[in-house]
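The sequence shown begins at 116 in the working numbering and counts up by one. For every residue, glycine included, the Cβ atom is placed at its ideal position computed from N, Cα and C. Everything numeric in this text was worked out from a predicted model, so none of it was measured. I have placed the structure first, in the form of structure tokens, so that the comments after it can refer back to it.
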Amino acid sequence: MIPGGIDCDIHPTLPGLRSLFPYLPEHWCEILDQQGMHELVSNNYPPGAPLSLRPDWRPEAGPPAQLAHIRSHALDPWETRAAICNCLYGVQLLFNEDMAAAIARAMNEWMARELLDLEPRLRASIIVPMQNPGLAVEEIERWADDARFVQVLLLVMGDMPLGRRVYWPVYAAAEKHGLPVGIHAGSAYHNPTTPTGWPSYHGEDYVNQAQAFQTQLGSLIYEGVFGKFPGLRVVLIESGFTWLPACLWRLTKFWRGLRPEVPWVDRSPAQIVREHVRLTLQPVDGPPDAEQFERFWEHMGSDALLLFSSDYPHWQFEGDTPLPPGLPNALARKIMVDNPIATYPRLKEVVS
Ligand code: ZN
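Structure follows, in structure tokens:
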């Protein structure tokens with residue numbers, strides 16, 4: 116591990132919807148109580164599932180991944196200089212746009228007051244109600260002046276492919292404020308989580324997330340998002356990354372043959388990804404030994420693409436280090452420090 120790394124994906128747990136009541140208008144508190152939603156738990160990560168929480172990070176009582184746990188499990192041991200909080204709490208699941216906007220705003224307020232104000236090493240992603248891009252832009256504008264918010268957070272599976280033009284105002288706002296758009300594993304669960312229908316088991320659901328990331332990457336590239344927003348950075352979070360070389364080979368091969376249908380895509384998908392897209396480290400989905408991994412790094416074709424993440428408190432690795440075995444020191448330094456700083460303009464001040 117390189118001391119002073121930047122952890123680009125940790126998950127503080129909101130103890131329950133009732134924790135947001137101090138930050139919600141009275142009207143919404145009444146509605147949530149009346150509808151029995153105050154104990155709602157998002158089912159993106161069933162709280163009792165082994166993957167959701169590493170056994171040695173599971174507290175004996177009470178909710179996991181609270182501020183004290185984050186400090187002692189994820190910040191202090193790895194000498195982390197900054198960690199980005201990605202709070203997943205079901206905002207995208209709701210069909211009611213007004214309720215989603217109110218909860219997104221309250222969650223951002225909760226993070227600012229109960230995490231960022233108390234721990235200077237923490238940063239956060241802005242949660243937005245993607246059900247309504249206009250409301251999502253309002254939420255970005257609300258937090259844009261607070262430099263501790265370093266990214267806009269989306270889920271990889273929503274109602275439509277993310278390259279579609281209806282979402283472009285969100286990308287315009289993100290680009291304007293120098294905020295990368297982070298796309299995290301997870302679904303709004305409005306549609307099946309695979310193209311062939313609903314799977315039965317959590318393991319299928321989780322592995323299939325990689326397919327959704329590939330679909331979104333194709334959508335963003337082919338619809339021309341990066342041509343329209345040349346300053347935009349997209350970070351694929353908790354996506355795995357060993358699928359990327361094969362996906363890019365195919366995206367690039369078929370772009371060559373079919374480029375007359377997308378004349379606005381003026382560079383190869385491989386080049387677009389090198390310039391605009393980054394991926395977080397955990398879950399490492401690569402081979403277990405260092406020698407095979409070395410071959411994979413060559414396939415990636417760039418040492419700038421990966422950003423360090425522990426995905427705390429999810430159970431993605433054993434032992435004391437989230438880094439894969441045999442990672443050369445220079446590459447570890449790039450992944451843990453240089454690449455995150457180059458990706459998130461608002462993190463530059465943490466190393467200056
Ligand atoms: Zn994550």
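Q. In the segment 260-335, which residue ranges form an unbroken alpha helix (DSSP H) of at least 4 residues, counting only runs that do not cross its ends?
A. 283-291
**Q.** Limits of the unbroken alpha helix (DSSP H) element including VAL465
**A.** On the sequence shown, position 350 is the one that residue 465 refers to. Looking at the DSSP string, the run of the alpha helix (DSSP H) that includes VAL465 is 463-466.
Q. When DSSP labels each residue in this structure, what does ASP92 get in the three-state scheme?
A. Because the chain in this structure spans residues 116 to 467, residue 92 falls outside the shown range and cannot be described.
Q | Run of the beta strand (DSSP E) containing ASP122, from where it starts to where it stops | A | As a first step, residue 122 is located in the sequence shown; it is residue number 7 there, counting from the start. Run containing ASP122: 121-125, per the beta strand (DSSP E) assignment.
Q.
Along the chain, where does the beta strand (DSSP E) containing CYS200 start, and where does it finish?
A. Your numbering for residue 200 matches position 85 in the sequence shown. 197-200 is the span of the beta strand (DSSP E), which, as asked, contains CYS200.
Q.
Going by DSSP in three states, ALA176 sits in which element: helix, strand or coil?
A. By 1-based counting over the sequence shown, the position of residue 176 is 61. Coil.
Q | heavy atom of the ligand ZN below 8 Å from SER424 C-beta | A | Taking the first residue of the sequence shown as 1, we reach residue 424 at position 309. Yes; taking the cut-off as 8 Å, the Cβ of SER424 has a heavy atom of the ligand ZN nearer than that.
(Q) Let me make sure I understand the geometry here. Which of PRO118, LEU155, LEU168 and LEU250 has the alpha-carbon closest to that of ASP191? (A) For this step, residue 191 is matched to residue 76 along the sequence shown. For the residues PRO118, LEU155, LEU168 and LEU250, the minimum Cα distance to ASP191 belongs to PRO118.
Q.
For ILE218, report the span of its beta strand (DSSP E) as first-last.
A. Start at 1 with the first residue of the sequence shown, and residue 218 comes out as number 103. Per DSSP, ILE218 belongs to no beta strand (DSSP E); it is in the alpha helix (DSSP H), 212-226.
Q. Under 8 Å from any heavy atom of the ligand ZN, does the C-beta of ASN201 make it?
A. For the purposes of this step, residue 201 is taken as the residue at position 86 of the sequence shown. Indeed, a heavy atom of the ligand ZN lies less than 8 Å from the Cβ.
Q. On the three-state DSSP scale, how would you describe VAL243?
A. Your numbering for residue 243 matches position 128 in the sequence shown. Coil at VAL243, not helix or strand.
Q. Which class does TYR427 belong to by DSSP, given the choice of helix, strand or coil?
A. Reading the sequence shown from its first residue, position 312 is the one you call residue 427. Reduced to three states, the DSSP call for TYR427 is strand.
(Q) Using the three-state DSSP reduction, which class does THR357 fall into: helix, strand or coil? (A) Along the sequence shown, read from residue 1 onward, the residue named residue 357 stands at position 242. DSSP places THR357 in coil when its eight states are reduced to three.
(Q) For THR309, which residues in the same chain have their Cβ closer than 6 Å to its Cβ, ignoring the five residues on either side in sequence? (A) As a working note, residue 309 is residue 194 in the sequence shown. Excluding positions up to five away in sequence, the list reads ASN323.
Q. Out of LEU237, GLU253 and LEU269, which has the shortest C-alpha to C-alpha gap to GLN207?
A. Reading the sequence shown from its first residue, position 92 is the one you call residue 207. Taking only the C-alpha atoms, the option nearest GLN207 is LEU269.
**Q.** DSSP state of ARG133 mapped onto helix, strand, coil
**A.** For the purposes of this step, residue 133 is taken as the residue at position 18 of the sequence shown. Three-state DSSP puts ARG133 in a helix.
**Q.** Three-state class that DSSP yields for ILE146 in the structure shown
**A.** Working through the sequence shown from its first residue, we reach residue 146 at position 31. Here ILE146 sits in helix by DSSP.
Q. If you follow the beta strand (DSSP E) that ARG236 is part of, which residue opens it and which one closes it?
A. In the sequence shown, counting from the first residue as 1, residue 236 sits at position 121. Neither: ARG236 is in no beta strand (DSSP E) and is coded neither H nor E.
Q. Under three-state DSSP, which class holds THR128?
A. Looking up residue 128 in the sequence shown gives position 13. Three-state result, THR128: coil.
(Q) In the DSSP output, which residue or residues are listed as bridge partners for ILE352? (A) Position 237 of the sequence shown, counted from the start, is the residue given in the question as residue 352. ILE352 pairs with HIS299.
Q | Alpha-carbon to alpha-carbon, ILE146 and ILE121 | A | Here residue 121 corresponds to residue number 6 of the sequence shown, with the count starting at 1. Here residue 146 corresponds to residue number 31 of the sequence shown, with the count starting at 1. Between ILE121 and ILE146, the C-alpha separation is close to 39 Å.
Q) Does the ligand ZN have a heavy atom nearer than 8 Å to the CB of HIS317? A) Counting from 1 along the sequence shown, the entry for residue 317 is found at position 202. Result no, Cβ not under 8 Å from the ligand ZN.
Q. If you compare alpha carbons, which of ASP213, PHE432 and ARG186 is closest to LEU473?
A. Summary: the structure shown does not reach residue 473, with the chain confined to residues 116 through 467, and so no result is reported for it.
Q) Are at least three pairs of beta-carbons, each pair with one atom in the segment 214-222 and one in the segment 136-144, less than 8 Å apart? A) yes
Q) If you draw a straight line from the alpha carbon of ALA251 to that of VAL243, how long is it in whole angstroms? A) Residue 251 sits at position 136 when you count from the first residue of the sequence shown. Residue 243 sits at position 128 when you count from the first residue of the sequence shown. Their backbone Cα atoms lie some 5 Å apart in a straight line.
Q: Report whether the distance from the Cβ of HIS126 to the nearest heavy atom of the ligand ZN is below 8 Å.
A: Stepping through the sequence shown from its first residue, residue 126 is reached at position 11. Checking the Cβ of HIS126 against the ligand ZN gives yes.
**Q.** Which listed residue (VAL285, ASN211, PRO460 and THR195) has its alpha carbon closest to that of TRP143
**A.** In the sequence shown, counting from the first residue as 1, residue 143 sits at position 28. Ranking VAL285, ASN211, PRO460 and THR195 by Cα distance to TRP143 puts ASN211 first.
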